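Chemist:
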Amino acid sequence: MNEIKCECGHVNPEGTVLCEACGKPIERNQHIDGNEKSKLLNMRYEGSARRSKTRNQTVVDKIWIFFSSVKVGVWLIVLTLIASIIGTILPQEMYIPQNVEAADHYRDEYGLFGQIYYQLGFHNLYSSWWYILLIASIGVSLVICSIDRVVPLYRALKRQKPKRHSNFIRRQRLFGKTENVKQADIDQVVSRLKKKRYRISEENGHILAEKGRFSRWGPYVNHIGLIIVLIAAILRSMSFFYIEDYVWVREGETKLIPQTDGQYFIKNNDFIMDVYDENDERYAEAIKKNGEMIPSNYETKAEIYKVKGDTIPGQDPELTKVNEGEIRVNEPLTVEDISLYQASYQLNEFQSMSFKLHLSDDENESPIGEFTFDMNNPKKEYDLGNGYRVVVDDYFPEFFMEEGVPDTKSKYPKKPAFIFFVYGPDIEDYEVNFLTIGANLNPHNNNQYKISITGVDMRDVTGLTVKRDHTLPFFAVGAIIFMIGVVQGMYWYHRRVWIHPRENEVWIAAHTNKNWYGLKKDIESSLEGTDFNIPDDQQELK
Amino acid sequence: MSNKKKKRFIFRSIVLAILLGAVVFALVSNFMKDKEAVADGDQAPPFELEQVNGEGAIHLSEDLKGKGVMVNFWATYCDPCKEEMPYMQKLYPEYKEKGVEIVAVSLDATKLRIRNWIDKNHLTFPIVHDKNGTVMEAYGVFDLPASFFINPDGTVERQVLGALTLDRLEGYLNEIVPESEK
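Chain order of the listed sequences is A and B. Taking our numbering, the leading residue of the first sequence gets 1, the next gets one more, and so forth. Taking our numbering, the leading residue of the second sequence gets 1, the next gets one more, and so forth.
What follows is the structure in structure tokens.
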């Protein structure tokens, strides 16, 4: 490997642009930072060697060098952006209706474009292997770029000497010459800079005043924060760290909490939806404006049970209560490290319905017999006494007609309908009653008896999000470190002033990574009243 | 000098190995997340459910030991489920002889509806009631119908999410006929 020995005696690694110690431009590497054609030196990374070119590169070196390029990093980010944009053109699969085939949905809704979109797998873009690989590559690029820059930068800043090469000094943006300067003036300038908290170092009369080097590490601290955020995102795919699921629980129902390996059950004792009082003058106007009731509280009174002993799915487990309380929006009920959040609800499912049997032509509808149909545990036959009985021929929890035939859309009693056969001592064979809410759809109108609804019991359903999240502390730490890095890089400035004595004159040069105005102010106030000429901003002169 | 180069090689290799590990981990764990709860070749999750058209409960690994078992998840409100039921009924007597049992797990809310359906369609294979949906959850089934074909040794030979045709059903049932009956 070729190292570069500078005339100041310092040995620099291959690829160095400006000598780490004295800053002398290393002639054959000036193209790297584009210094050949400009008067000023490009000071990024202190002109240190970022990507050492090695002959006989191994595969490891080749991969390393690929990822250490900022150009590659930027391209990865651009590609990820484009991919992310594509993913928003059509809805992702998780957002399309559940009851249709994804392939059909994309074709029917979006035509040929939808079909291509689906075929290319863009309907699950964000969890596709190549998208994850892109994100991961950005992470890899971030790590390698940082390592490849922070190490040489650290070396260069550590090894810098107060005595710089005249070529380095002359080619700084702030540069000035003054002839016949008194030593007393130099001393005064130094002491003023000291007062401004510059750290002073000296070598044979050459002086370096430096402050805020700390600022240079900001971007790397920031990257460490980003990497922690990426790690947290990866941890989210492990169920130990993160789960998210959903469970609907009906009032009175005890249901398995998903993702708990069958260990925990939840019972919904009551679901409450409160609304703002329209008679309260504070709300009356807003409610009127809104045109409908405004909910003020969603709440589930719940109990959580743990399964005792070993059971297998389907067995009725022995349950012991482990927690009990109210679940409100943002106020979850927790068991172990799993939290149950109030997320949704459905009102007014049917719990039970009561009926009476009466004579069809009885205006008073005096009951001959009564019975209650419990939706949770319905019976096939109800004995009404006196020889009358009702047989449930069919029951449709969510009734609808399909091509003239009654059927049910689901198992949930949202719109129940019944076909009852009525038997009695004075009924030949039986009479058919077809009932649903608000209608008695008897196929024959010559029925002697009729069944009417006398009452209904309703129940609500609560929708709960089941969540475990141990990744938030990682995100928090990552975000805090990220912000520390930003603040470090933004609110501190790395300022350096070189005082470079020549035979008859003294040169002053200065550099900062940002806020040149502030640096100029520092220098002007330090040079005030001395013989020194104020350095010129060579960039401005151009 | 070559020592320095060696050091750098080792350092880069370690960093790249760690990064590669993280990338592979991210890919694998993302892939695993989408995976079905029961994979082909896995031991079928055990269950015990009350019979609707018979006495007592059926315990998968105890009562049906040594038999090929088709576990079919269905419900009376699921039209494609109801369409494949007659196929199952048609093949059931023949395959029961060969040592294959069919267990239909209903996800209905009430036994009343299941009984009505059994009576109207004269189904003779055992039908059990998964009232709380815990067995469905254990098998990772979200959409009906779904069928699991389980080998006599208790491993899952095949799972079919969606409806079956008569031909396919017969082929799959053949796959799980115990060796002794072939």
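A virtual CB, placed ideally from N, CA and C, is assigned to each residue, including glycine. On a predicted model such as this, the values are computed, not experimentally measured, just so you know.
#1: Could you check which residue in G34(A), I147(A), I96(A) and I85(A) has the C-alpha nearest to that of L19(B)?
#2: Of the choices E14(A), E101(A), N124(A) and N348(A), whose alpha-carbon is the least far from that of P91(A)?
#3: The beta strand (DSSP E) spanning I150(B) covers which residue range?
#4: How about F47(B) and L27(B): do their beta carbons lie closer than 8 Å?
#5: As a quick exercise: from V177(B), I10(B), K7(B) and F11(B), pick the residue whose alpha carbon is nearest that of E97(B).
#6: Could you spell out where the beta strand (DSSP E) holding F532(A) opens and where it closes?
#7: Please check the pair L230(A) and S137(A), which I expect to be a contact at CB under 8 Å, by giving their CB distance rounded to whole angstroms.
#8: Answer with yes or no whether the minimum CB distance from W516(A) to chain B is below 8 Å.
#9: Using C-beta distances below 8 Å, list every residue in its chain close to V72(A), excluding the 5 sequence neighbours before and after it, in chain order.
#10: Y345(A) by DSSP, collapsed to three states: which one?
#11: Take every Cβ of the region 352-363 of chain A, pair it with every Cβ of the region 322-336 of chain A, and state whether three or more of those distances are shorter than 8 Å.
#12: Let me see if you follow: with CB-CB separation under 8 Å, is M238(A) close to chain B or not?
#13: In chain B, which residues lie less than 7 Å from D460(A) when you measure between Cβ atoms?
#14: For T471(A), which residues in the same chain have their Cβ closer than 6 Å to its Cβ, ignoring the five residues on either side in sequence?
#15: What are the boundary residues of the alpha helix (DSSP H) that R192(A) is part of?
#16: Sort G309(A), L340(A), L41(A) and V60(A) by Cα distance to N323(A) and report the nearest one.
#17: The alpha helix (DSSP H) spanning A476(A) covers which residue range?
#18: If you pair each beta-carbon of the region 495-505 of chain A with each one of the region 198-211 of chain A, do three or more pairs fall below 8 Å?
#19: Quick one: which residues of the region 247-261 of chain A get their C-beta closer than 7 Å to a C-beta of chain B? List them in chain order.
#20: So with CB distances below 7 Å, who are the chain B contacts of Q346(A)?
#21: Going by DSSP, what residue range makes up the beta strand (DSSP E) through Y118(A)?
#22: Enumerate in chain order the residues of its own chain whose CB-to-CB distance from A102(A) is below 8 Å, with the five nearest sequence positions on each side excluded.
#23: Measure the alpha-carbon distance for N386(A) versus V422(A) and round it to whole angstroms.
#24: Would T16(A) be called buried (16 or more neighbouring beta carbons within 10 Å of its own) or exposed?
#25: On the three-state DSSP scale, how would you describe T512(A)?
#26: For a contact meaning CB atoms closer than 7 Å, what does N132(B) contact in chain A?
#27: Note down, one range per segment and in chain order, each alpha helix (DSSP H) of at least 4 residues found wholly within the region 95-162 of chain B.
#28: Spell out whether any CB of chain A is found under 8 Å from the CB atom of V23(B).
#29: Could you work out which residue in F532(A), D536(A) and Y449(A) is closest to Q183(A) when comparing CA atoms only?
#30: Quick one, are the C-beta atoms of P535(A) and I508(A) less than 8 Å apart?
#31: Does any residue of chain A have a CB that is nearer than 8 Å to the CB of N30(B)?
#32: Please state whether the Cβ-Cβ distance between K411(A) and P397(A) is less than 8 Å.
#33: If you drop the 5 nearest sequence neighbours on each side, which residues of the same chain put their C-beta closer than 7 Å to that of W117(B)?
#34: Using a Cβ-Cβ distance cut-off of 8 Å, determine whether F125(B) contacts chain C.
#35: Within the 8 Å Cβ cut-off, does R12(B) reach chain A?
#36: Mind checking if E62(B) is an interface residue toward chain A, Cβ cutoff 8 Å exclusive?
Modeler: Looking at the coordinates:
#1: I147(A)
#2: N124(A)
#3: A146 to I150
#4: no
#5: V177(B)
#6: Counting along the chain, F532(A) falls outside any beta strand (DSSP E), and DSSP gives it neither H nor E.
#7: With a Cβ gap of about 11 Å, L230(A) and S137(A) do not count as contacting.
#8: no
#9: F66 and S141
#10: strand
#11: no
#12: yes
#13: Under the 7 Å cutoff, chain B gives no residues; its nearest Cβ is about 16 Å from D460(A).
#14: A232, L235, R236, F241 and Y242
#15: Q183 to K195
#16: L340(A)
#17: L472 to Y491
#18: yes
#19: K255, L256 and P258
#20: The contacting residues do not exist; Q346(A) stays about 15 Å from chain B at best.
#21: From DSSP, Y118(A) is part of no beta strand (DSSP E) but of the alpha helix (DSSP H) over A102 to Q119.
#22: E93, I96, Y118 and H123
#23: 13 Å
#24: buried
#25: strand
#26: K255 and L256
#27: 111-121 and 134-138
#28: yes
#29: F532(A)
#30: yes
#31: yes
#32: yes
#33: T76
#34: The structure shown has no chain C; the protein chains it does contain are A and B.
#35: yes
#36: no
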